[in-house]
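Only one structure is covered here, and it is reproduced in the block below.
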Amino acid sequence: MTAPLSFKDYYLYIPLFDKKFLTHGVKYKRCKQVRKEEYSLTYTIYADVLFVLNFAIDFICMCASLYICRLKRRVFPIILSSVAGGVYSVFALYLVNTPFLIQTIVHIFALFIMCLISTPSSDIKTILKAELLFLGVSAFAGGIVSVIFSYLGKYVFESGSIYADVSPLSLLSFVLFTAAFSIPFFVKTGKRIAYKTASVSLDYKSTKKRVDAFIDTGNLLSDPISGDGIILIKHTELSDVFKEEQMEALKALDVLSESFPTGIRLVPWEKGLLPVFRPDNTVIKLFGTSEKKTVSALIGIDFSSGSFGGSFGLLPSCYIN
């Protein structure tokens, strides 16, 4: 059952003897009671309706933002992110009387948390990019919703926000629209991701590691000695494979000392010299299939920032064909 937020009851205030009324228009103000000499209409904001609407809009906007950013889209992180957005939309009602600067800072921080939840494996730069795009997409979607309810005449404008008069049928229709949009979107996206990503499992000196890798037809790196292809993996994913001092030594290619782990060699590539090692065993499994393939490959340790299309590995397509 819907419960009104008692702290957020708005009254349409029309003073009967205010000469400035014609120039200032209708005024909205928040008050605890209505005086007898004033004509008033009560607008109650329902927490559950506000949550559901913002959850649905945030869900669609987040899907669109991650799609434009070419980031991996997973249904559960996006759902959690949208839940956070819905909860925040209710909490934001408490910020009505706070200074604009504080409201802006809190809004930006909330957007950052939402993007962090939806893309947990991304770096700060990628998250900020997604946040900017999400802000733009949300503003566009909010503009469309505002135009619709303005046209219908069922809205209240308060403190920079529009609160709509939503009937149960409208709410149900909007939720069904969100479901109709999301199901084919994730089915199609899942097939595309399955085609472009694979799971790489490594066994190296009693340490087992599994990394999701993006399949890249342009990754033609190979070892000039053995001729084996090189699978690039972000160094952050190999922190449990090599000790900290070994990783630091690998990162500083000019420091060739005994701290280098055995089995490491340097391979020329576009950025200079790439440290690579050969796992004891490498198994590749294409997403969406149950087939596994053991391959002979080297692992290149990549220290650059960012990710490979949302994955932390870059797999040569020759291991899939």
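The sequence shown runs -3 to 317 under my numbering. Glycine is no exception: its CB is placed at the ideal position from the N, C-alpha and C atoms.
Going by C-alpha positions, S78 is about 5 angstroms away from F51. Bridge partners of Y200 according to DSSP: T203. Listed in chain order, the beta strand (DSSP E) runs fully inside the stretch 279 to 316 are 288 to 291, 294 to 298, 309 to 312, counting runs of at least 3 residues. Residue environment for A245: buried (at least 16 other C-beta atoms within 10 angstroms of its C-beta). Scanning A293, M110, A137, S307 for the CA closest to the CA of P275 turns up A293. Cβ atoms of L91 and V102 come within 8 angstroms of each other, at about 6 angstroms.
Sorting M110, I120, D219 by C-alpha distance to the C-alpha of F55 places M110 at the top. According to the DSSP secondary-structure assignment, V79 is paired through a beta bridge with no residue. The C-beta distance from T290 to N277 rounds to 7 angstroms, short enough to fall under 8 angstroms.
Across the set F273, P116, F283, the C-alpha of F283 shows the shortest separation from the C-alpha of F210. In the DSSP assignment, the residues bridged to K230 are D298. Sorting K205, S218, F96, S303 by C-alpha distance to the C-alpha of P116 places S303 at the top. It is roughly 18 angstroms from the alpha-carbon of K125 to the alpha-carbon of S300. Taking C-beta separations shorter than 7 angstroms and ignoring five residues to either side along the sequence, the partners of A194 in its chain run A209, I211, I280, K281, L282, F283, L311, I316, following chain order. A straight-line Cα-Cα distance of about 26 angstroms links V45 and R69. Between I120 and L76, the C-beta spacing is not below 8 angstroms.
Cβ contact annotation for L62 (same chain, cutoff 6 angstroms, sequence separation greater than five): R69, in chain order. Per DSSP, the unbroken alpha helix (DSSP H) holding F47 starts and ends at 43 to 64. According to DSSP, residue pairing for V263 in a beta bridge involves L270. Spatial neighbours of K288 in its own chain (CB-CB distance under 6 angstroms, excluding positions within 5 residues in sequence) are listed in chain order as V279, K281.
L107 and C314 have their C-alpha atoms some 40 angstroms from each other. The Cβ atoms of L198 and G296 lie no closer than 8 angstroms to each other. When DSSP states are grouped into helix, strand and coil, G225 belongs to the strand group.
With respect to C65, L129 sits close: the two C-beta atoms are nearer than 8 angstroms.
Rounded to the nearest angstrom, the gap between the Cα atoms of D224 and S218 is 5 angstroms. Take the alpha-carbon of P271 and the one of F87: they are about 50 angstroms apart.
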